[in-house]
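What follows is a short report on a single structure.
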């Protein structure tokens, strides 16, 4: 769901440039007509108010555009950051529309033609604000109130004395109600599309047999969590779990029993994924992977042992092993954050996660070599360091 919310906020921010130019164009048209109108009526104070209003509007629009440029849609944002960005945009949009609403009060002309021009301009401002519906229907309702309430009040105060004096304010109220009804329909449609997208995304990210995350989602989450760990300067750990002698179990017990075994082991993953950021996934046929952000090697090893013990306690009979029951071998690895935080370094972004994955894989095979049904550890990059030292020793040997 966080990814979908980020896409919604990204869409909102991408529409800001169009809204920026739309606001400036409407402000320019309104300013030209009203400046000429106030000059013709020798109303210097209103011309002064118009200048102040225009400066406030343009300055706020520029500030919102600057904030928009600070938002990076390619960067993974957590749910808290997404809400913050959305609220920031809605707040600035509300301020801009409040400034527009003030124009409907302090700049209200007395002749009907200019009143209609002002009314059309303010309704155009509401149309520019429609992207807010992607985030919140309530937020868009605030925009309607901010823009049109001062206009209606001013139209009633400055109405003509004839029978048609209430015609324009009534028309504004009717059109406002129509816009609200249409916005409600658009918002419900957007929410239905969001729910459908969320359901499809969940299906694409879930293993159909075990109903836990699949490798695709694990790799994507691993990439995002690695960036977060690098940015925050915290370690990240991984468990790789392989079912011991699972092929023999499938051959002797049948595929249905094998599927039930996979489901049972997948259900055990909850003992090591207590936090929201922890992720367990079916990585391949009989392998599972667990991602543990902000977790040290010691804690990850403890969780690995807890998982191994939990699987063994299921007591799923398996005559093809020395233990007589289904067991797992667990490889544990932990990668501390780089000493220098180069989160934009593409080489590090590929190398370090690969080292963590490789170390966990090596640890898992080490657990198998040591007799299976156990937990083994290997530090991130440990094997690489050993190879470097071996090559250095060989090089020194050739010199002597």
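In the UniProt record's numbering, the protein residues as written are 1 to 400. Cβ coordinates follow ideal geometry from the N, Cα and C atoms, glycine included. Every value quoted in this text rests on a predicted model; they were computed, and no experiment measured them.
Asked: Between which two residues does the alpha helix (DSSP H) containing residue 80 stretch?; Found: 79 to 106
Asked: What do you reckon, is the C-beta of residue 84 under 7 Å from a heavy atom of the ligand FMN?; Found: Looking at this structure, you won't find the ligand FMN or any other ligand, since it has none at all.
Asked: Cβ atoms of residue 47 and residue 95: under 8 Å apart, would you say?; Found: no
Asked: Work out the CA separation of residue 297 and residue 87 for me, nearest whole Å.; Found: 38 Å
Asked: Can you find the residues in the same chain that come closer than 6 Å, C-beta to C-beta, to residue 207, ignoring five residues on each side of it along the sequence?; Found: 214, 282
Asked: Please classify residue 177 as buried or exposed, where buried requires at least 16 neighbouring CB atoms within 10 angstroms.; Found: exposed
Asked: Which whole-angstrom value is the C-beta distance of residue 235 and residue 295, which I expect to be below 8 Å?; Found: 7 Å
Asked: Apply the 10 Å Cβ neighbour rule to residue 97 and answer buried if 16 or more other Cβ atoms are within range, or exposed otherwise.; Found: buried
Asked: Does residue 73 pass the burial test, meaning 16 or more other C-beta atoms within 10 Å, or should it be called exposed?; Found: exposed
Asked: With 16 other CB atoms within 10 Å as the buried threshold, where does residue 290 fall?; Found: buried
Asked: Taking just the CA atoms, how far does residue 195 sit from residue 36?; Found: 51 Å
Asked: Just to confirm the assignment: which complete beta strand (DSSP E) runs, minimum length 3, are found wholly within the UniProt domain "GGDEF" (234 to 380)?; Found: 236 to 243, 279 to 282, 287 to 293, 328 to 335, 375 to 377
Asked: Quick one: what does DSSP say residue 213 is sitting in, helix, strand or coil?; Found: strand
Asked: Relative to the C-alpha of residue 100, which candidate in 90, 63, 143, 357 has its C-alpha closest?; Found: 143
Asked: Just to check my reading of the structure: residue 259 and residue 209 have Cβ atoms closer than 8 Å, yes? What is that Cβ distance to the nearest angstrom?; Found: 6 Å
Asked: Closer than 8 Å by C-beta to residue 376: which residues in its own chain qualify, once you throw out the five before and the five after it? Chain order, please.; Found: 329, 330, 331, 332, 363, 364, 366, 367, 370
Asked: Only counting the same chain, and skipping five residues up and downstream in sequence, which positions put a Cβ closer than 6 Å to that of residue 20?; Found: 61, 65
Asked: Of the residues 191, 285, 272, 292, which one's Cα is nearest the Cα of residue 226?; Found: 292
Asked: Grab the span of the alpha helix (DSSP H) containing residue 154 for me, first residue to last.; Found: 137 to 157
Asked: Quick test of your reading: residue 288 and residue 269, contact by CB under 8 Å. State the CB separation rounded to the nearest angstrom.; Found: 7 Å
Asked: How far does the alpha helix (DSSP H) with residue 202 in it extend, from its first residue to its last?; Found: 167 to 205
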